[in-house]
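Student: First the structure, then my questions, so here it is.
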Amino acid sequence: MDSCEEINIIIYIDHVLYEAAAAGDIGRFENDQTCLDRLLTPDESTILHVYLRNQLREPESTDFVDKILERCPALLLQANKKRETLLHLAAKFGHSNVVKVLIGRAKAPHADPESGVTAAKMMLRMTNGEGETALHEAARNARGHVVEILTKEDPDFSYSANLHGETPLYIAASFGWRRGHGKVIDEHGKVIDEILRNCISVDYGGPNGRTALHAAITAGDNGTMTKILKKEKKLTKTTDENGWTPLHYAAYFYWGGISAVKALLKCDASAAYIAETTEKKRTALHIAAIQGYVEIMEEIVSHCPACRDQVDNRGWNALHYVVASQSSKVFKVCLKMIPELERLKTEKDDKGNTPFHLIAALKHKQEEWNEVYPHGKSGIYGLNKQEQSITNIHSGDFGEIQTWYSRSRHPSNEFELSLNTLSIDGEPTSSVSTINRPGDSVLQTTSASLVSSKPARDILHADEEHTVAASTKIQRQSMITEAKPDFEAKLERLKKSSEVEAEKEIIKKCQEAEMSLRQGLMLAKKAEELL
1 MDSCEEINII IYIDHVLYEA AAAGDIGRFE NDQTCLDRLL TPDESTILHV YLRNQLREPE
61 STDFVDKILE RCPALLLQAN KKRETLLHLA AKFGHSNVVK VLIGRAKAPH ADPESGVTAA
121 KMMLRMTNGE GETALHEAAR NARGHVVEIL TKEDPDFSYS ANLHGETPLY IAASFGWRRG
181 HGKVIDEHGK VIDEILRNCI SVDYGGPNGR TALHAAITAG DNGTMTKILK KEKKLTKTTD
241 ENGWTPLHYA AYFYWGGISA VKALLKCDAS AAYIAETTEK KRTALHIAAI QGYVEIMEEI
301 VSHCPACRDQ VDNRGWNALH YVVASQSSKV FKVCLKMIPE LERLKTEKDD KGNTPFHLIA
361 ALKHKQEEWN EVYPHGKSGI YGLNKQEQSI TNIHSGDFGE IQTWYSRSRH PSNEFELSLN
421 TLSIDGEPTS SVSTINRPGD SVLQTTSASL VSSKPARDIL HADEEHTVAA STKIQRQSMI
481 TEAKPDFEAK LERLKKSSEV EAEKEIIKKC QEAEMSLRQG LMLAKKAEEL L
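So for the sequence shown, full-length UniProt numbering puts the first residue at 1; every next one is plus one.
Okay, structure coming up:
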């Protein structure tokens, strides 16, 4: 056994020893008198760290690990600069036989009399630089058999979140069915099963107030969602920092299909009544409506009829949001499949606008909405608080209509989506930016503001700030138009001036070249005279 307690020096591994460690060549180290716990790489990894990193498959034999630890037991808990122990690496790479050896080595006949925690449990609970235990590593890399060993060895420990707020179960739930096939998916399922089966106190938490249920739905993993719901139904009402329940996520992403929505509503239909805790106050029905997911809307309304009457902070109901999806097809299908929403057609928001006031304002899409627009029946929708009927709005000359939405898929990231439905000069535009991944994130609709010029001064959700912004934009365009001829004239003069300057520069270069040639000829002539 090595004894290096009095020697505080580091011996860097040379290439010969490194290759021997990577290959598990025990013979190279048996007669070496070097203190093995001081034999390190620049990142302070030991020869056993090197060995475990270089095993592409689970090693058939654990002799190398056994014999090295027999000679130098201190290596068992020795960490590198990233604070990774041997157990972290064995769990990460799925070397279950090595995990068993390490736990066996850590089990000592004595235990800490004060805490009652054995040496093995201390090793299992050690965290790396990311605040992760070996179980975090095994969960992230879908090492089902390793997870089984670790959770059975220490079932009482509630594995807390890492530095990013992720617990092992949250990490596993975030994996998603899209990240692998066959054996990988089976291993992923085993990770979930073993954590839920063996851990007495499961921590479902994740970053930004989300839970493992939020993560499973965001990842489109209905299998994991079902397992979590079976274990902890109350998670259906848990909201994240944005006030989103798992049902909000299911209504937005739709990757889990209608089955995810059905499962959530079956567990607790009252989750459909939960509105965001933020100022927007949107329900899952509102989210499904603006996404144009009629099937989800129908499912929610069938379970919770009263939720159709819920409005957001502006007084918008589900039908207002269907119009905001800007699809007349969705609007028609919605009313056909969910006749209960028919009476919302005449319901007004806080500024007196019905869904048809919004439709009338979609001037650039009048042809698309022509079948929906109530020709000759505008009277039943009344006037808004600017004393405007839908006919006034429909026939008006509006300068700009802008609807702003703010989206996020992983709570840690936010994405902004702007729909510029009409440009300032009346040319229709549509700019939609889609979400990338991940996560995870959350749809956040800010405000829908519609700004007009004449004949109506204010329309729908236009406020003073938007009106001033539109006016400023019009003035700016006018100034640009007036200045255009003068600008073009100056540009032409500048162009001609540049051409003249370029010509002068060429002439100057030619003159310099001619002068150099003359000087060369003179020198040649003098040289000839001397000869």
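Just so it is clear, CB atoms sit at the ideal spot from N, CA and C, and this is done for glycine as well. The structure displayed is predicted, hence computed values, not measured ones.
Among Glu137, Gly352 and Ile290, whose alpha-carbon lies nearest the alpha-carbon of Lys385?
Tutor: Of Glu137, Gly352 and Ile290, the residue nearest in Cα terms is Gly352.
Student: Which residues in the same chain as Ser478 place their Cβ atom closer than 6 Å to its Cβ, once the five residues preceding and following it in sequence are excluded?
Tutor: Reliability of the predicted coordinates at Ser478 is poor, the pLDDT of 48 falling under 50, and the value obtained from them is presented with this limitation in mind. Excluding residues within five positions, none has a Cβ falling inside 6 Å.
Student: Return the chain-ordered ranges of every alpha helix (DSSP H) run that is complete within the stretch 172 to 247 and spans a minimum of 4 residues.
Tutor: 183 to 198, 212 to 218 and 222 to 231, all fully within the stretch 172 to 247.
Student: Just to confirm my understanding: we take Gly63, look at its own chain, exclude 5 residues before and 5 after, and list those with CB closer than 7 Å. What are they?
Tutor: As written in the sequence, residue 63 is Asp, which differs from the Gly given in the question. Ile26.
Student: Hey, is the stretch 359 to 374 in contact with the stretch 336 to 343, meaning 3+ C-beta pairs nearer than 8 Å?
Tutor: No, the stretch 359 to 374 is not in contact with the stretch 336 to 343.
Student: So, helix, strand or coil for Tyr273, using DSSP?
Tutor: Three-state DSSP puts Tyr273 in a helix.
Student: In this structure, how does DSSP classify Ile507 when only helix, strand and coil are distinguished?
Tutor: Here Ile507 sits in helix by DSSP.
Student: For Ile11, which of helix, strand or coil comes out of DSSP?
Tutor: Here Ile11 sits in strand by DSSP.
Student: Return the residue from the list Pro207, Asn141 and Asn222 that minimises the CA-CA distance to Glu187.
Tutor: Answer by Cα proximity: Asn141.
Student: Could you check whether the Cβ of Ser259 sits closer than 6 Å to any heavy atom belonging to the ligand FMN?
Tutor: The ligand FMN is absent from the structure shown, which contains no ligand whatsoever.
Student: So, with DSSP's three-state summary, where would you put Leu383?
Tutor: Coil, per DSSP.
Student: According to DSSP, is Leu40 helix, strand or coil?
Tutor: Leu40 falls in the strand class under three-state DSSP.
Student: Three-state secondary structure (DSSP) at Ile26?
Tutor: DSSP places Ile26 in coil when its eight states are reduced to three.
Student: In whole angstroms, what separates the C-alpha of Asp154 from that of Lys121?
Tutor: Asp154 and Lys121: Cα-Cα distance of roughly 6 Å.
Student: Would you check if the distance between the CB atom of Ile296 and the CB atom of Ala251 is smaller than 7 Å?
Tutor: Yes, Cβ-Cβ distance for Ile296 and Ala251 is below 7 Å.
Student: Do you know offhand how far Tyr249's Cα is from Asn198's?
Tutor: Using only the alpha carbons, I get a separation of about 28 Å.
Student: Considering Asn97, what are the terminal residues of the alpha helix (DSSP H) in which it resides?
Tutor: Note, Asn97: alpha helix (DSSP H), Ser96 to Ala106.
Student: Short of 7 Å in beta carbon distance, which residues of its chain neighbour Ala216, apart from the five on each side in sequence? Order them along the chain.
Tutor: Here the set comprises Ala173, Thr224, Met225 and Ile228.
Student: Please classify Val323 as buried or exposed, where buried requires at least 16 neighbouring CB atoms within 10 angstroms.
Tutor: By the 10 Å Cβ count, Val323 comes out buried.
Student: Determine the direct distance from the alpha carbon of Leu76 to that of Asn128, and round the result to whole angstroms.
Tutor: Going by the C-alpha atoms only, they are around 15 Å apart.
Student: So Ile47 and Ile10 are in contact, right, with Cβ under 8 Å, and what is the actual spacing, rounded?
Tutor: 13 Å between Cβ atoms; not a contact.
Student: Under a three-way DSSP split, which group does Tyr254 fall into?
Tutor: If DSSP states are grouped into helix, strand and coil, Tyr254 belongs with coil.
Student: Give the DSSP-derived three-state secondary structure of Leu69 in the structure shown.
Tutor: Helix, per DSSP.
Student: How long is the line joining the alpha carbons of Arg38 and Asn54, rounded to whole angstroms?
Tutor: Whole-angstrom Cα-Cα distance: 20 Å.
Student: Does the Cβ of Arg282 have 16 or more other Cβ atoms within 10 Å, making it buried, or fewer, making it exposed?
Tutor: Buried, since its Cβ has 16 or more Cβ neighbours within 10 Å.
Student: Please report the distance separating the alpha-carbon of Asn370 from that of Leu247.
Tutor: Each residue's Cα considered, the two are about 34 Å apart.
Student: Let's test the definition: count the other Cβ atoms within 10 Å of the Cβ of Arg105 and tell me whether it reaches 16, buried, or not, exposed.
Tutor: So Arg105 counts as buried.
Student: Tell me the rounded alpha-carbon separation between Val65 and Leu40.
Tutor: Val65 and Leu40: Cα-Cα distance of roughly 16 Å.
Student: When the Cα of Glu368 is compared with those of Ser389, Glu387, Val330 and Glu347, which residue comes out closest?
Tutor: Here the closest residue by C-alpha is Val330.
Student: Determine the direct distance from the alpha carbon of Cys35 to that of Gly209, and round the result to whole angstroms.
Tutor: Near 48 Å, if we compare the C-alpha coordinates of Cys35 and Gly209.
Student: Could you pull out every residue in the same chain whose Cβ sits closer than 6 Å to the Cβ of Arg28, ignoring the five residues on either side in sequence?
Tutor: So the qualifying residues of the chain are Ala20.
Student: How about Gly243 and Glu276: are their beta carbons less than 7 Å apart?
Tutor: A contact, by the Cβ cut-off of 7 Å.
Student: Suppose contacts are defined by Cβ-Cβ distances below 7 Å. Is Lys81 in contact with Glu44 by that definition?
Tutor: Yes, these two residues count as a Cβ contact at 7 Å.
Student: Going straight from the alpha carbon of Val146 to that of Ser158, what length do you get?
Tutor: Between Val146 and Ser158, the C-alpha separation is close to 17 Å.
Student: Run through DSSP, which three-state label would Ser418 get?
Tutor: Only weak support is given to the placement of Ser418: the predicted model assigns it a pLDDT of 26, under 50, and the value that follows is read from those uncertain coordinates. Note: Ser418 maps to strand in three-state DSSP.
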